[in-house]
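According to the numbering used here, the sequence shown holds residues 593 to 867 in order. Backbone N, C-alpha and C define an ideal beta-carbon position, used for all residues, glycine too. Working notes, structure below.
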Amino acid sequence: MKFRTWTLIAALAGLSAAAYAGDMVRLYEFGADDVAYLALPKQAPKAAILLVPDSLGSLEIVSKRCDLLAKLGYTAMALDLYGGTEAASPTDAKQIQSKISKQLAKQTVAAGLKLLCESPRYRAEKLILAVWGDNMPVVLEALKDAGPGVHLTAVSWLEAAGGGQPRELASLPCAFQVIYAPEQAQSELGKYLQALGELRGGKDDIEKVEYDAGFLLKPEISGACADVWSNIIRFWGVQAQGLAPGLTDKSESLTSEMADARPVKNSSYSDRFGR
593 MKFRTWTLIA ALAGLSAAAY AGDMVRLYEF GADDVAYLAL PKQAPKAAIL
643 LVPDSLGSLE IVSKRCDLLA KLGYTAMALD LYGGTEAASP TDAKQIQSKI
693 SKQLAKQTVA AGLKLLCESP RYRAEKLILA VWGDNMPVVL EALKDAGPGV
743 HLTAVSWLEA AGGGQPRELA SLPCAFQVIY APEQAQSELG KYLQALGELR
793 GGKDDIEKVE YDAGFLLKPE ISGACADVWS NIIRFWGVQA QGLAPGLTDK
843 SESLTSEMAD ARPVKNSSYS DRFGR
């Protein structure tokens, strides 16, 4: 897959991070005893993006991803399905994932969907989902119970993992994007995604990318990470009926803006990864 990157510098010039700093919101009124991080754009949102990261993504990192999306004109909210527990390695992440209550996780996702689709203050007409790894089955279960008020525009399954995912993915009433590792191409997941692409007529982005687990949520800013995020943001922009302001087809880089998403030096996250 050939990724194209774009410059965001012109689009974000003069915009301070503080102007877009989000805050924690309670989901109690929407059916879950949890909080989520929410960042709002200055103008009417192009769409709302609900991020469902895995346990490798600390709030410190994910919240800055939300702030960046708010700068681009989206309402962005990130859920925490792990009660503040963070993984220090992919092995830890698998153990943490195996211990979460699927029912409680489903309630949290459903509450996030409800807030972004029904809240008089925060709702948006279009909804985009960014789901990491093994969280896709939980999200699909929550979508089953969602009412007609969920106007799903696009779904991105990032760092797709596991095999035998529910067939509901094939019937999603929107475009979807899947990013998975080449090593899984011959696995159950790879075969399923190939069949899924054929079923949907090759209209969606199902792409293999070389990466280490959690690379989209780690603090280091590699060229691959910036390229993939550029691809993801472009996909969302197209599905939301137009590219984000300032995005072009020039071979530029997101690195400068992604650098804003790094944790501060000596923070718990940077220390854990030895940054």
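Contact with chain B by residue i, beta-carbon distance below 9 Å
i, result
"A753", "Protein chains in the displayed structure number just one, and chain B is not present."
For residue j and residue i, the rounded distance between their alpha carbons
i, j, result
"S650", "D684", "13 Å"
"C817", "P682", "17 Å"
"Y666", "R657", "11 Å"
"W821", "K634", "22 Å"
"A697", "G704", "11 Å"
"L671", "A722", "11 Å"
"V644", "L661", "15 Å"
"Q689", "A805", "14 Å"
"A628", "P712", "17 Å"
"L630", "L735", "20 Å"
"A680", "L750", "19 Å"
"D576", "K691", "Outside the shown range of the chain, which is 593 to 867, sits residue 576, and nothing can be said about it."
"M616", "D625", "13 Å"
"P637", "G741", "17 Å"
"D797", "L744", "17 Å"
"N823", "R618", "31 Å"
"D841", "W828", "Low local confidence applies: a pLDDT of 39 at D841 is under 50, so the model's placement there is unreliable, with the coordinate-based value given in what follows. Rounded to whole angstroms, D841 to W828 spans 15 Å at the Cα level."
"G815", "A832", "26 Å"
"L648", "Y803", "14 Å"
"G794", "Y714", "34 Å"
"D659", "Q786", "34 Å"
"Q695", "V830", "33 Å"
Nearest candidate by alpha-carbon position, reference residue i, set the options
i, options, result
"E710", "W724, F622 and A734", "F622"
"L632", "Q695, L708 and A697", "L708"
"G873", "H743, Q776, R826 and T677", "Residue coverage of the chain in this structure runs from 593 to 867, which leaves residue 873 outside it and unanswerable."
"E678", "V654, D659 and D819", "V654"
"I819", "L764, V801, V830 and Y714", "Checking the sequence shown, residue 819 turns out to be Asp, not Ile. Comparing Cα positions, the closest option is V801."
"I720", "E799, S748, I798 and R792", "S748"
"K686", "N727, A716 and V701", "N727"
"M871", "A702, Q695, R792 and Q831", "What the structure shows of the chain is the stretch from 593 to 867, and residue 871 is not part of that stretch, so it cannot be assessed."
"R826", "G675, L664, R792 and L630", "L664"
"A738", "I641, A746 and Q699", "Q699"
"P765", "R792, I771, K783 and L785", "R792"
"S693", "K706, G675 and A680", "G675"
"N614", "D626, E652 and S647", "Residue 614 is actually Gly in this sequence, not Asn. Nearest C-alpha to G614: E652."
"Y784", "R715, V742, R759 and G794", "R759"
"L642", "K706, Q695, L648 and V830", "K706"
Three-state secondary structure assigned by DSSP to residue i
i, result
"A670", "strand"
"F807", "coil"
"Q635", "coil"
"D737", "helix"
"Q778", "coil"
"R618", "strand"
"D625", "coil"
"K800", "strand"
"L750", "strand"
"A640", "strand"
"A767", "strand"
"L630", "strand"
"L648", "coil"
"Y861", "Low confidence applies here, because Y861 scores a pLDDT of 32, under 50, leaving its location unreliable; read the following figure in that light. Helix."
"G815", "helix"
"L846", "Unreliable placement is indicated for L846, whose pLDDT of 49 sits below 50; the coordinate value is still reported in the next sentence. Three-state DSSP puts L846 in coil, outside helix and strand."
Short Cβ contact (9 Å threshold) for residue i with residue j
i, j, result
"L639", "K718", "Per the sequence shown, the amino acid found at residue 639 is Ala instead of Leu. Cβ atoms of A639 and K718: closer than 9 Å."
"L809", "V730", "no"
"A752", "L781", "yes"
"A872", "L788", "Because residue 872 is not part of the residues shown, which for the chain are 593 to 867, the question remains open."
"A746", "Q778", "no"
"I771", "E790", "no"
Near the ligand SAH: residue i beta-carbon under 8 Å from a heavy atom
i, result
"P729", "Summarising the ligand content, the structure contains no ligands, and the ligand SAH is consequently not present."
Practice problem: With a floor of 3 residues, list each beta strand (DSSP E) that falls wholly inside the segment 654–730, ordered by position along the chain. | Solution: 667–670 and 719–724
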